[in-house]
Amino acid sequence: MKYSFLSLARNAFSHHRGWMPAWDSPVPKRHYDVIIVGGGGHGLATAYYLAKLHGVKNIAVVEKGWIGGGNTGRNTTLIRSNYLLDTNARFYDWSLKLWETMSQELNYNVMFSQRGVLNLAHTDAQQDAYIRRGNAMRINGIDAEWLDHKQVEEMVPLLDSSERPRYPVIGGLLQKRGGVARHDAVAWGYARAANALGVDILQNCECIAIKQESGKVRGIETNQGFIGAGQVGIAVAGHTSQLARMAGFTLPIESHLLQAFVSEPVKPIINTVVTYGAGHFYMSQSDKGELVMGGDLDFYNSYAQRGNMPVLEHATACAMQMFPFISRLRMMRHWGGIMDMTMDGSPIISKTPLQNFYIDGGWCYGGFKATPASGWVFAHTIAHDEPHELNRGFNMDRFEHGRTIDEKGSGPIPNAQ
Amino acid sequence: MLLINCPFCGPRNHTEFDYGSDASVLRPADDAPESEWFAYVYLRSNPKGAHTEYWQHALGCRSWIKVKRDTLTHDIAGVSLANALAQREQQ
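Okay, here's the thing in C-alpha cells:
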C-alpha cells in the first residue's frame, strides 16, 4: 500500500483498523541468490538497492533480533559529511545526497531535518584545523562555513559563549546541510520498501556459521536451519569480527561501547546540532523536545550493550560547560551500542578472501549517516563482484598495503573516527 | 564501573586506570617477515568473551597490569603484573 494523504484519510474513516503490516514475516526458502546478514539500516538498504537497481530477484535479509533493535535504534541520529580526506568526503556526501531524497524514494517519512551541524572551536590551532577542513570540503563540493564568535552566538543564543568557561568558544565550523533523522523510520522504511520489491526479511534468525566449499561461500547455518546462498554479504555492526571469524579470517577491528543519553523533554532551546571542541561531546534536541547527547567510547573492548556512569559523568560535565542552564534537567534514558572500531577510523566495504562473501562494517561511531550510501555501494559491490568507485578505497587490504584512510591522523589505534 | 584488583593497591574503580591494549598481541622479532608485523600492528582477535589486556594504574601506583576480563559480562577473572618476569611465570 502506498502511503499518501488519501490512504491516511481512507483509514481514518475505518478507525485506522485497515493498516497492513509494513513487511511480511515469511518462512525461509532453501536457497537465495543473495543473503544479507544483519537487518539494520545498512543491511536493509543493501537489499533494497540490490533489488531496485541491480535486478536481483531472490534476496533475504536475516536478522538475529528484530528490525531496528540493533545499532540503527541505538545511535544519536546525526547526519553530516564534514570530512577532510577525499575518499571519506565523496562517500559521505553521496550519502547526504541520498538522505535528501530518501523519504520520497521510500514513500516513508524518515523525518530528515537539515538543521545544520556546528563544530565549536576553542583554540587557535583548532580554528586553523577547522578552516582547513572547511576549505577541503568546499574543494570537494561540500558546503562548509566558518562562523566567528559573534555568528556562533547568534546561531545558538543559549550557548555559554562568554569568557567564563575554562575553554571559551572562539568560533565554529558549520555544515548547514547536515542534521538529524528519525532512526527507526530509516530501518522501517528500507524494510518496507525492500519487502515490496520481493526481499524476504527473516527476523529472529541468527547466523551461527558460514558454510563454504573450496574457497567459495555456499550458505549460512542459522537457528532456523541451513539456508543456501550464491552470495553472502554481512552488515552486522559491532559483530563484524565474529562473522569474519566464522568465514575464516581476522580483521583490523576491535569492538567498543558507545553510549548516548536523552534528557526529559523541554521547550525548544537548540535548533541545530552542536559539538563541543574541548572534550568529546555533542547535543541536539529531538522533535519531542528531549536533549539527545553523546560522548566518548569507554576505550576498552566491550560487547556489553549497556551504559555506565563514568562516561555519563564526563558527557554531562561537557554539557554543563556549554549550556549551564540545563543543570537541573533529569536524564530520561541512557543506552549503549557496540561499535566495530577499525584501526584507521574508516569503514570496510569490501570483497574478502572467501569468494562471494562480502563485508560492510567497521563503521566506528559514524555508521548511521552512512546508511543509504553504504547500502548503495555494497549492493553494487555484491552485484558486480567488484567495488564501486566510491568504496574502492574502503577495501580490507588497505591496511596491509599502507593505504589507510586515517581521518584523525593518529596512526593505528581502534578508537579514531 | 569495573572494580580492578591492583596487586599493590587493592580493589579500585576502573576510572583510576588507563586502558592499554590487547595483551595477547606479541611484538615480533625485528627481522620477522612483513606479514607478522602487519598482524602485530593491525589485526585483533576481538573475542566476545575472555580477553587479556593491559591497564595502567595511572592515578594510583602507576604500575602496568595484565587483566583477564570477559568483554560481554565484564567479569574479571584475574589480575597480574605486566612485567616480563610475571609474564614468563604465566606462560
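Residue numbers (numbering that gives the first Met the number 0), protein chains in the order written: chain V, 0 to 416; chain G, 0 to 90. We put the beta carbon where it would ideally sit given N, CA and C, even for glycine. Just so you know, these numbers come straight off a predicted model, no measurement behind them.
**Item:** Chain-ordered neighbours of Y53 of chain G on chain V, where CB pairs are closer than 7 Å
**Value:** Simply none; closest approach about 10 Å.
**Asked** Taking 9 Å as the CB-CB limit, is I130 of chain V close to chain G?
**Response** For I130 of chain V, the answer is no, since every Cβ of chain G falls outside 9 Å of its Cβ.
**Request:** Measuring only between beta-carbons, confirm whether T380 of chain V sits less than 9 Å from chain G.
**Result:** Not a single C-beta of chain G is nearer than 9 Å to the C-beta of T380 of chain V.
**Request:** Could you check which residue in V:N414, V:G224 and V:K266 has the C-alpha nearest to that of T341 of chain V?
**Result:** Of V:N414, V:G224 and V:K266, the smallest CA-CA separation from T341 of chain V is found for V:N414.
**Message:** So D69 of chain G and A49 of chain G are supposed to be a Cβ contact under 8 Å. How far apart are they, rounded?
**Reply:** Indeed, because the Cβ distance is near 6 Å, the residues count as touching under 8 Å.
**Message:** Please list the terminal residues of the continuous alpha helix (DSSP H) segment that includes M308 of chain V.
**Reply:** For M308 of chain V, the enclosing alpha helix (DSSP H) has its first and last residue at M308 to M321.
**Partner residues on chain G for I269 of chain V, Cβ-Cβ distance less than 7 Å** = Near I269 of chain V there are no residues of chain G at all, since even the closest Cβ is about 29 Å away, more than 7 Å.
**Prompt:** CA-CA distance, S23 of chain G and T71 of chain V?
**Reply:** Straight-line Cα distance between these residues: approximately 32 Å.
**Prompt:** Helix or strand or just coil, what does DSSP make of H333 of chain V?
**Reply:** Residue state, collapsed to three classes: strand.
**chain G residues whose Cβ lies nearer than 9 Å to that of F398 of chain V** = Ordered by position in chain G, the residues that pass the 9 Å Cβ test against F398 of chain V are F37, V40, Y41 and L42.
**Prompt:** Hey, how far is the Cα of M319 of chain V from the Cα of D405 of chain V?
**Reply:** M319 of chain V and D405 of chain V: Cα-Cα distance of roughly 31 Å.
**Prompt:** Using a beta-carbon distance below 9 Å, is L71 of chain G in contact with chain V?
**Reply:** So yes, L71 of chain G belongs to the interface.
**Partner residues on chain G for E253 of chain V, Cβ-Cβ distance less than 8 Å** = Under the 8 Å cutoff, chain G gives D21, R43 and N45.
**Asked** Who does Q211 of chain V pair with in a DSSP beta bridge?
**Response** Q211 of chain V has V:V216 as its beta-bridge partners, per DSSP.
**Item:** Segment limits, alpha helix (DSSP H) that includes G374 of chain V
**Value:** Per DSSP, the unbroken alpha helix (DSSP H) holding G374 of chain V starts and ends at T370 to H383.
**Request:** Check whether the stretch 47–61 of chain V touches the stretch 86–97 of chain V, taking contact to mean three or more Cβ pairs, one atom from each stretch, closer than 8 Å.
**Result:** With the rule of 3 Cβ pairs closer than 8 Å, the stretch 47–61 of chain V does not count as touching the stretch 86–97 of chain V.
**Message:** Less than 9 Å between CB atoms is the rule here; does R68 of chain G satisfy it with respect to chain V?
**Reply:** For R68 of chain G, at least one C-beta of chain V is nearer than 9 Å to its own C-beta.
**Prompt:** H50 of chain G touches chain V at which residues, Cβ-Cβ below 8 Å?
**Reply:** Chain V residues near H50 of chain G: N300.
**Prompt:** Using a C-beta to C-beta distance shorter than 7 Å, which residues of chain G count as neighbours of N307 of chain V?
**Reply:** For the C-beta of N307 of chain V, the chain G residues within less than 7 Å are, from N- to C-terminus, M0.
**Message:** Please list the terminal residues of the continuous alpha helix (DSSP H) segment that includes K96 of chain V.
**Reply:** D85 to E99 is the span of the alpha helix (DSSP H), which, as asked, contains K96 of chain V.
**Within chain G, partners of M282 of chain V - CB distance below 9 Å** = Simply none; closest approach about 23 Å.
**Request:** Return the chain-ordered list of same chain residues with a C-beta closer than 6 Å to the C-beta of Q284 of chain V, the five sequence neighbours on each side being excluded.
**Result:** These residues qualify, in order along the chain: I269 and L290.
**Item:** Segments of 3+ residues assigned as beta strand (DSSP E) that fall wholly inside the stretch 9–52 of chain G
**Value:** Taking only runs of at least 3 residues, the beta strand (DSSP E) segments lying wholly in the stretch 9–52 of chain G are 9–12 and 17–21.
**Asked** Skipping 5 residues on each side, what residues in its chain have a beta carbon closer than 7 Å to that of G170 of chain V?
**Response** Leaving aside the five residues that flank G170 of chain V on each side, the residues in its chain whose CB is nearer than 7 Å to its CB run, in chain order, A120, Q126, W145, L146, D147, H148 and V151.
**Asked** Under three-state DSSP, which class holds F393 of chain V?
**Response** For F393 of chain V, the three-state secondary structure derived from DSSP is helix.
**Message:** Between A234 of chain V and T86 of chain V, how many whole angstroms is the CB-CB distance? I'm expecting something under 8 Å.
**Reply:** Contact flag wrong, Cβ pair sits at about 19 Å.
**Asked** Hey, how far is the Cα of D297 of chain V from the Cα of H313 of chain V?
**Response** Cα to Cα, the separation comes out at about 11 Å.
**Request:** State the Cα-Cα distance for the pair Q223 of chain V and N4 of chain G, rounded to the nearest angstrom.
**Result:** Whole-angstrom Cα-Cα distance: 43 Å.
**Request:** Starting from the C-beta of T249 of chain V, find all residues in its chain whose C-beta is less than 8 Å away, skip the five residues before and the five after it, and write them out in chain order.
**Result:** Same-chain partners within the cutoff: S240 and A243.
**Message:** Within a Cβ cutoff of 6 Å, which residues of the same chain sit near D17 of chain G, ignoring the five residues on either side of it in sequence?
**Reply:** Taken in chain order, the residues that qualify are Q55 and A57.
**Asked** Is the beta carbon of I35 of chain V sitting closer than 9 Å to the one on V231 of chain V?
**Response** For the 9 Å CB-CB criterion, I35 of chain V and V231 of chain V form a contact.
**Item:** Beta-carbon proximity check, S326 of chain V vs N394 of chain V, cutoff 9 Å
**Value:** Cβ atoms of S326 of chain V and N394 of chain V: not closer than 9 Å.
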